[in-house]
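Protein chains: 2
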Amino acid sequence: MASDALVIFTPSGKRGRFAVGTPVLTAARQLGVDLDSVCGGRGICSKCQVSPGVGAFPKHGVTVAADALSDWNAVEQRYKDKRGMLDGRRLGCQAKVMGDVVIDVPPESQLHRQVVRKAASARVVQMDPATRLYYVEVAEPDMHEPSGDLERLALALKDQWQIEAIEAGPSVLRKLQPVLRKGKWSVTAAVFRDHHGGAAKLLDVFPGFYDGPLAGLAIDLGSTTIAAHLCDLRDGRVLASGGVMNPQIRFGEDLMSRVSYAMMNPGGDVEMTASVRDALNALAISVAAEAVIDPRAIMETVVVCNPVMHHLFLGIDPVELGQAPFALATSSSLSLPARDLGLSAINAEARLYTLPCIAGHVGADAAAVALSEAPQLRDELVLIVDVGTNAEILLGNKKRVLACSSPTGPAFEGAQISSGQRAAPGAIERIEIDPETKEPRFRVIGSDLWSDEPGFAEATAHTGITGICGSGIIEAVAELRMAGIVDAAGLMGAPAQTGTERSVAEGRTYSYLIHDGSAQNGPRITVTQGDIRAIQLAKSALYAGARLLMDEMGVDHIDHVVLAGAFGAHISAKHAMVLGMIPDCPLDNVTSAGNAAGTGARIALCNIAARAGIEAQVKQIHKVETAIEPRFQEHFVNASAMPHAVDSFPHLSTVLTLPQVNHNMGSSGDGGGRRRRR
Amino acid sequence: MASDALVIFTPSGKRGRFAVGTPVLTAARQLGVDLDSVCGGRGICSKCQVSPGVGAFPKHGVTVAADALSDWNAVEQRYKDKRGMLDGRRLGCQAKVMGDVVIDVPPESQLHRQVVRKAASARVVQMDPATRLYYVEVAEPDMHEPSGDLERLALALKDQWQIEAIEAGPSVLRKLQPVLRKGKWSVTAAVFRDHHGGAAKLLDVFPGFYDGPLAGLAIDLGSTTIAAHLCDLRDGRVLASGGVMNPQIRFGEDLMSRVSYAMMNPGGDVEMTASVRDALNALAISVAAEAVIDPRAIMETVVVCNPVMHHLFLGIDPVELGQAPFALATSSSLSLPARDLGLSAINAEARLYTLPCIAGHVGADAAAVALSEAPQLRDELVLIVDVGTNAEILLGNKKRVLACSSPTGPAFEGAQISSGQRAAPGAIERIEIDPETKEPRFRVIGSDLWSDEPGFAEATAHTGITGICGSGIIEAVAELRMAGIVDAAGLMGAPAQTGTERSVAEGRTYSYLIHDGSAQNGPRITVTQGDIRAIQLAKSALYAGARLLMDEMGVDHIDHVVLAGAFGAHISAKHAMVLGMIPDCPLDNVTSAGNAAGTGARIALCNIAARAGIEAQVKQIHKVETAIEPRFQEHFVNASAMPHAVDSFPHLSTVLTLPQVNHNMGSSGDGGGRRRRR
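Shown next as structure tokens:
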């Protein structure tokens with residue numbers, strides 16, 4: 019028998035010769051193969067499971083004998099009996115190399131395993147979280163060589179895991195001694211690595227071998243809604259998701275009204291800070307409950323938000339963000355104890371990371387979108403719009419990335435809309451208006467049936483039909499425009515102009531009746547002229563921001579549009595373009611990224627290198643301040659028309675032709691406009 | 019005129035040639051001369067004042083012309099008009115080198131100036147505090163190149179003061195924007211440097227040029243008393259000092275009874291933690307009030323204490339310190355935000371530093387004594403005892419330093435003594451007993467008169483004569499021994515044995531009446547047999563600890579004794595040696611260091627290098643665990659006699675001979691013992 023053997027790991031293809039008797043885990047480590055281990059090779063954690071191959075591997079030029087690895091041993095048997103193990107699997111720390119062998123590392127045994135982000139996306143998140151579990155065996159105290167328990171734990175982490183230095187906060191110091199004794203000097207440590215090279219931080223300790231839960235919370239702190247994903251920091255799985263309304267709404271619907279509140283009311287910013295922190299604590303508790311874990315298992319949070327929310331969350335009066343030159347108190351990323359920001363519901367030593375802000379109006383949420391969508395990696399020019407109460411807009415490709423934000427207001431989220439409501443069961447989310455009959459049909463959240471399909475009434479009886487959500491109002495306005503009920507200037511026609519009695523007078527303007535629930539004691543749901551104006555203002559701001567970036571880039575068309583934001587997934591390219599929310603481009607090239615800011619937060623939560631990456635990248639992004647660009651006003655006015663007063667929409671024209679109506683002319687009869695393809 | 023000139027600085031003697039027109043401050047900086055500046059050479063702070071010389075300087079080989087510096091300028095005149103300046107002084111940043119010149123840097127202009135610690139000591143503290151003020155001019159925000167105010171401040175600190183990176187906590191982030199604007203983009207930053215090379219921390223900002231107060235609090239957290247010195251971090255002056263009783267006394271007089279309280283009462287440690295933190299907050303407020311500064315001007319605290327107090331202050335259950343192997347939760351120094359330990363009365367970003375602990379029974383207070391007294395620098399062997407409820411004992415010289423602690427109990431502090439009280443007006447602090455008449459005379463705190471001097475009654479009328487303080491009881495017992503009223507075994511004689519009616523029977527033992535205040539409605543002040551026993555126990559523990567260190571060192575005598583601790587200054591070498599508190603040595607070599615632990619805390623507060631120094635030194639100190647040394651018990655028993663049952667006291671014998679009495683023999687008459695020299 020040879021004294022050494024060839025070991026080949028798949029899928030990496032890494033190979034090397036090792037002395038007979040070398041454990042597979044040791045071989046993997048020496049070759050830099052990505053093989054997980056929490057217990058450090060003690061046969062406890064089973065993270066290092068491998069699948070050895072047997073037989074001929076012509077590709078690798080070896081034939082593997084049945085006895086290429088040492089025999090199945092008692093440690094492996096004990097683990098299998100206790101927790102189960104797939105057939106053919108071995109524990110990498112127990113199985114020793116006895117002859118040439120090919121060893122496959124299954125995905126779940128890879129430390130840097132990739133997690134598919136969502137079915138709709140090819141993007142993956144590579145796991146490399148800042149916080150990890152490390153099992154260690156700690157030397158017992160010796161009064162003849164006195165040293166602290168923490169110092170001996172630090173020594174164990176250094177010897178067994180090459181963690182150079184460690185700091186511990188008060189709460190972990192408090193629990194350290196009982197945990198070490200309960201674990202009989204074996205503990206699992208949750209250790210946070212600082213991506214700027216600061217000392218590692220001991221966040222928690224558990225007696226003996228502990229395999230989770232170990233959770234992180236990715237928070238997209240929006241002006242209107244707060245969304246959170248609770249992620250398992252071991253494998254990146256989303257354990258639970260949740261959202262709440264931002265309680266600051268009671269101080270002001272949009273950002274500027276909150277800034278005003280802070281300016282007008284002494285202590286107003288402190289009130290708003292407290293309310294958002296309370297909401298985050300409640301949200302943490304609720305998602306932890308949904309995942310059936312202790313909220314104290316949450317070791318890290320990543321928060322992304324716009325600059326005003328950023329300042330209010332950090333406890334900074336946002337007043338400077340309300341006036342030129344829109345100076346941020348701090349623009350850098352922040353990494354600090356979550357308790358310092360009042361997040362008391364989670365682990366007392368939990369860390370908080372905020373992504374950097376790009377500019378006074380372009381926040382950490384825009385940075386998160388940049389992290390998620392990576393425009394700097396694209397060949398073609400992509401416009402990324404994150405639609406919310408404030409819209410973040412990125413335009414770029416490999417050569418250059420620009421960013422701005424635009425104050426769209428909350429109309430896109432269904433706020434300040436007469437029948438608007440948040441996306442909840444009972445809300446109209448889809449709507450179609452027949453161009454001939456001008457009759458609507460719609461779907462509500464909670465049922466897959468259209469309103470003209472059999473069984474619809476029964477299916478919606480328990481939720482009722484309660485209002486229109488953000489995506490519903492956009493679709494409704496676009497359909498009204500497509501049906502000629504609304505003209506290019508946004509004016510709703512009289513019945514005589516539109517040809518339908520659903521146009522109903524309300525004072526000096528007209529509304530369109532979508533659903534009259536009054537017979538069932540439900541609301542009358544209409545789209546009013548005021549609703550149209552609100553959507554026009556919002557979409558003009560969005561479009562004008564995009565155009566400013568195109569000016570700066572020196573282009574008059576774009577290749578791709580990515581609609582981000584919670585409801586981006588629900589808007590069709592056609593409807594967005596009919597409204598003129600976004601510039602013209604091939605309709606197939608308009609895609610949805612879902613909550614890209616939230617995804618960016620998740621990436622930063624699960625991959626520490628992404629933090630350093632986005633911090634560097636943000637410095638490369640060129641910022642455009644919409645509030646002071648003279649052309650913003652011009653772009654805004656031109657964008658008021660649907661789709662646009664000046665810009666052409668050649669790709670949209672290939673799909674449909676919008677009715678050429680003008681309800682301001684007092685013209686009669688032909689309110690339905692010209693026929694169009696749908 | 020030459021294009022350059024020779025500049026010589028005194029007292030450093032540093033010299034160099036500089037181009038004509040170079041400001042003196044610039045020349046000083048380039049030569050590494052220790053010349054202060056807070057405003058960075060803008061003529062605002064006046065810290066860089068220098069005294070130029072004129073005439074012949076044969077020692078330096080130059081003759082200085084009257085016009086060797088540029089003319090007195092308007093900036094200097096404005097400063098002098100506003101704040102005053104000594105004649106002959108110049109501002110180093112304004113005066114320019116025009117010819118060869120000798121420039122003296124007066125002590126108050128030296129950044130690393132030395133502060134004489136106390137009149138009684140030759141030791142000085144060199145100022146090099148972790149926290150300093152830096153005046154900077156910050157770039158205004160530019161919305162075309164957006165960056166945070168903090169980032170621009172950091173850039174200014176880097177450009178103007180070479181501070182590489184800075185971190186800011188929530189409270190300073192909150193005040194940053196208004197302060198920058200109030201100061202019109204000029205601010206003074208209080209910046210903390212981490213002595214382990216971590217990022218500098220921005221603790222506070224002040225609009226414009228701010229010259230203090232900038233304070234630090236050195237705290238000696240004892241089992242019985244808490245003492246604090248409020249120091250000016252700019253020049254090391256003690257602004258105020260204060261002390262309070264440790265409120266944990268209600269949970270137990272000594273350390274082990276507090277550990278027991280924690281063991282017996284769930285949540286007991288939390289109660290004790292809260293009580294000591296409350297006391298520290300109150301003490302901070304009170305010393306700040308005494309110094310007439312805002313407590314928020316306190317930017318740093320240094321705490322020294324024994325291991326049990328250390329754990330209780332940090333919020334760690336001290337239960338492990340109550341049983342072998344006496345494992346500390348952490349032994350290293352700690353540097354963390356003071357708010358994390360509940361110190362809310364001081365600056366919200368204030369830092370807290372604790373010195374390292376030496377062992378489970380030898381704490382950060384012993385480390386502080388080592389820092390203050392520096393036994394490792396001595397040629398001769400020195401024994402340093404810090405007398406308190408727990409005594410810290412160090413023995414060493416240049417070759418080796420040993421340390422232990424010994425549980426003396428609170429008797430030395432006047433507790434558990436029948437007429438004991440804390441050192442306050444009205445307490446007997448000195449006592450003499452006439453060897454012939456056996457009559458006492460005494461002094462009380464608040465008067466310099468002895469009780470047998472005219473006017474004593476009037477002088478003490480307002481305080482009364484209320485009890486005996488710690489140093490008083492030690493002196494009283496020693497005097498009783500010297501007068502033969504107490505024998506070597508510690509037994510108080512009957513009147514027939516002592517020859518004085520001041521020996522009064524109390525049950526089966528005798529007490530000695532010092533003062534009967536009952537006629538004035540005051541207390542009867544006596545020394546009881548129980549008091550003698552308490553002092554014997556305390557001094558035996560102290561002596562036994564010292565002897566253990568001598569055993570370990572392999573010596574049977576020592577060269578020097580330093581008595582540290584709050585009352586060390588009040589005990590005479592003779593009395594201490596008569597009692598046998600300390601081993602024999604030349605009486606002139608027994609000196610007092612005052613509160614050496616508190617001084618060590620002050621040194622660590624004022625000099626950042628001292629922190630790294632003591633952290634390294636503590637690792638070199640050999641620890642002896644008294645609780646498990648078999649010989650401790652033997653030493654303890656032998657030390658019960660006064661001065662000692664076995665060890666000889668040759669140096670003491672040259673000064674006095676103690677009466678050879680034995681009150682246990684029922685012997686009569688000759689209770690006064692033999693005559694002795696005093």
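Residue numbers (this note's numbering), protein chains in the order written: chain Y, 19 to 696; chain X, 19 to 696.
Glycine included, C-beta positions come from ideal geometry on N, C-alpha and C.
Query: Where residue 417(Y) falls, given that 16 or more other Cβ within 10 Å makes a residue buried; Result: exposed
Query: Candidates 613(Y), 645(Y), 661(Y), of which the one nearest residue 261(Y) by Cα; Result: 613(Y)
Query: Buried versus exposed, by CB contacts within 10 Å (16 or more), residue 509(Y); Result: buried
Query: DSSP-derived helix/strand/coil call for residue 38(X); Result: coil
Query: Integer-rounded CB distance, given that residue 40(X) should sit under 8 Å from residue 122(X); Result: Not confirmed; about 18 Å, so no contact.
Query: Close beta carbons around residue 249(X), own chain, < 8 Å, minus the five adjacent residues each side; Result: 233, 234, 235, 236, 255, 256, 257, 620, 623, 624
Query: Residue 544(Y) - containing beta strand (DSSP E), residue span; Result: 542 to 545
Query: For residue 205(Y), the nearest candidate out of 170(Y), 374(Y), 570(Y), 543(Y) (CA to CA); Result: 170(Y)
Query: Per-residue DSSP class, three states only, for residue 522(X); Result: strand
Query: Within 8 Å, strictly: CB atoms of residue 43(X) and residue 33(X); Result: no
Query: Same chain only: Cβ atoms within 6 Å of residue 185(X), ignoring 5 sequence neighbours per side; Result: 217, 219
Query: Runs of alpha helix (DSSP H) lying entirely within the stretch 174 to 232 of chain X, each at least 4 residues, in chain order; Result: 188 to 200
Query: Any non-hydrogen atom of the ligand PLP within 7 Å of residue 536(Y) CB; Result: The ligand PLP is absent from the structure shown, which contains no ligands of any kind.
Query: Stretch pair the stretch 430 to 448 of chain X + the stretch 544 to 553 of chain X: three plus CB contacts closer than 8 Å; Result: yes
Query: Cβ of residue 165(X) within 8 Å of any chain Y Cβ; Result: yes
Query: Secondary structure of residue 479(X), DSSP reduced to three states; Result: coil
Query: Limits of the unbroken beta strand (DSSP E) element including residue 144(Y); Result: 142 to 144
Query: Per-residue contacts from residue 668(X) into chain Y (C-beta, under 8 Å); Result: Here the premise fails: no neighbours, minimum Cβ distance about 34 Å.
Query: Contact belief for residue 492(X) with residue 593(X) at Cβ below 8 Å, rounded distance in angstroms; Result: 6 Å
Query: Range of the contiguous beta strand (DSSP E) that encloses residue 533(Y); Result: 527 to 534
Query: Alpha carbon of residue 52(Y) to alpha carbon of residue 193(Y), nearest angstrom; Result: 33 Å
Query: For residue 239(X) and residue 264(X), the rounded distance between their alpha carbons; Result: 8 Å
Query: Exposure label - residue 282(Y); buried when at least 16 CB within 10 Å; Result: exposed
Query: Residue of 156(Y), 176(Y), 364(Y) minimising C-alpha distance to residue 305(Y); Result: 364(Y)
Query: C-alpha distance - residue 368(X) paired with residue 269(X), whole-angstrom precision; Result: 29 Å
Query: Classification of residue 318(Y) by the beta-carbon crowding that lies within 10 angstroms, buried from 16 upward; Result: buried
Query: For residue 377(Y), the three-state DSSP class (helix, strand or coil); Result: strand
Query: Residue nearest to residue 147(Y) in terms of C-alpha spacing, selected from 113(Y), 115(Y), 209(Y), 105(Y); Result: 209(Y)
Query: Sequence-distant residues of its chain with Cβ nearer than 7 Å to residue 74(X) (five each side left out); Result: 81
Query: Cβ-Cβ separation, residue 615(X) to residue 386(X) (assumed contact under 8 Å), whole Å; Result: 4 Å
Query: 6 Å CB neighbourhood of residue 139(X) in its chain, flanking five on each side removed; Result: With a pLDDT of 42 at residue 139(X), under the threshold of 50, the modelled position of this residue cannot be trusted, and the question is left open.
Query: Other residues of its chain near residue 659(X): CB distance less than 8 Å, five sequence neighbours each side excluded; Result: 506, 507, 508, 598
Query: Members of the stretch 630 to 644 of chain Y near chain X, C-beta cut-off 7 Å; Result: 641, 643
Query: Local conformation of residue 651(Y) per DSSP, three classes; Result: helix
Query: Run of the alpha helix (DSSP H) containing residue 410(X), from where it starts to where it stops; Result: Element bounds for residue 410(X): not the alpha helix (DSSP H) but the beta strand (DSSP E), 409 to 414.
Query: Residue range of the alpha helix (DSSP H) that includes residue 260(Y); Result: Run containing residue 260(Y): none in the alpha helix (DSSP H); it sits in the beta strand (DSSP E), 256 to 263.
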